[in-house]
Amino acid sequence: MRVLVNPKGYLLCLPASKKVSAYKTIAIACLSLMFPIFMPDVAAAETVMQKVARTGILTAGTSKDALPFASSDNQGKLTGYSVDMLTLIKEQLEKELGKKIQLKLVALTPAERIPQIVNRQVDIVCDATSFTWQRDKKVDFSVSYGITGTQLLVKKESNLVSAESLINKRIGVLAQTTNEQAIKRVQPKATLVYLKTRAEGFAALQQGKIDAFASDSILLEGWLQKAKNSDAFAIAPDRPLSQEGIACMVPEDNSKFLDSVNYSLVKFMQGLVNGNQRYVAIFDRSFGSQGAVFLNRDLRDLFLETMQLVIEFREEIPKSDL
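Numbers 11 to 332, taken from this note's numbering, label the letters of the sequence shown in order.
This is the structure in structure tokens:
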């Protein structure tokens, strides 16, 4: 048998002889060759919305050491501001899909977040993630529902208050974070010490293994408020080395799912700014005077002003849907 491809791209199967007994074998061989060409790709990846509708499960990545955005409590349960946002997203999906959805939370390190989204091991990540153009090449981002920046946790007597003061200093960072990039940008001559978790960073600073630990301002404030020896440490400099919006990440090419995520987040922010009791309670659980991390008036105002900007650039959510 000879297999040829004609100018139009069709497979031509020509028998080497005219023996009738060989025709059946030839036909089967031709069909086998043609099958992959003409059959649709039934294994093509389904969208997040299709997967959630089929399984009834929304698999979400978050953090276990990013108080107040996401952390593990004494019982090992993942809680926090970003987890509350995931719950609101789940509720919106239930409304749109007309069925109950289970929110399955997975604790991830910063280095695991994007690979697990790209490989579709999780459907969404909401923790203390901030937008960068480099990350945006691999995943899609939601609207920002918070704001943060890079600062340093230092010992009280430290004089690390400027970019120049960081030269040759050991600065602890987590790999693949905006904090790492901020230190590289403001002081390339700083010595970066890579740590696996924020808990490692706090411990390394207390043990004198590093001169400072770089992380998000609110995360450092959260640790400082909970630390037994908080008087021995300070957050510096007064002006953050960088400032970024906090957002969720989703797989690329999932616009319908991203629409639902954005609608959920804008609905929350609009309700919060307008004084909706449920949304105010959610915010205060993380950032109120009795919350996980108390935001002073300036930080709270910055949060709300940022939310107001996000709201104003989008159509108002109907009051009946708040």
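A virtual CB, placed ideally from N, CA and C, is assigned to each residue, including glycine.
Cut-off 6 Å between Cβ atoms - residues of its own chain near residue i, not counting five sequence neighbours on either side
i: Ile134; result: Ala70, Cys258, Val260
i: Ile99; result: Val271, Ser274
i: Tyr204; result: Ala185
i: Val58; result: Asp133, Asn264, Phe267
With 16 other Cβ atoms within 10 Å as the buried cut-off, status of residue i
i: Arg324; result: exposed
i: Gly281; result: buried
i: Thr89; result: buried
i: Asp83; result: exposed
i: Ser330; result: exposed
i: Glu326; result: exposed
i: Asn264; result: buried
i: Leu319; result: exposed
i: Asp269; result: exposed
i: Glu315; result: exposed
i: Gly108; result: exposed
i: Gly182; result: buried
7 Å CB neighbourhood of residue i in its chain, flanking five on each side removed
i: Asp137; result: Thr72, Ser73, Ala76, Phe79, Ala80, Ser92
i: Glu231; result: Ile245, Val303
i: Asn286; result: Leu332
i: Ile321; result: Val276, Met279, Gln280, Val283
i: Asn169; result: Ser175
Beta carbon of residue i nearer than 8 Å to that of residue j
i: Gln60; j: Tyr273; result: no
i: Lys166; j: Ala213; result: no
i: Lys277; j: Asp221; result: no
i: Ser140; j: Thr158; result: yes
i: Glu190; j: Leu202; result: yes
i: Pro247; j: Ser299; result: no
i: Thr142; j: Thr160; result: no
i: Arg208; j: Leu234; result: no
Segment limits, alpha helix (DSSP H) that includes residue i
i: Gln191; result: 188-196
i: Thr65; result: 58-65
i: Tyr273; result: 265-283
i: Arg208; result: 208-216
i: Thr97; result: 91-107
i: Gln144; result: 143-146
Residue interval of the beta strand (DSSP E) (run including residue i)
i: Asp226; result: 222-226
i: Thr160; result: 156-165
8 Å CB neighbourhood of residue i in its chain, flanking five on each side removed
i: Lys199; result: Leu176, Ile177, Asn178
i: Leu312; result: Ile157
i: Glu262; result: Lys148, Val149, Asp150
The region 123-133 touching the region 243-258, judged by at least three CB pairs closer than 8 Å: no
Three or more beta-carbon pairs under 8 Å between the region 113-123 and the region 229-241, yes or no? no
Whether or not the region 54-68 and the region 216-229 are in contact is what I'm after, with contact meaning three or more pairs of Cβ atoms, one per stretch, closer than 8 Å; do they touch? no
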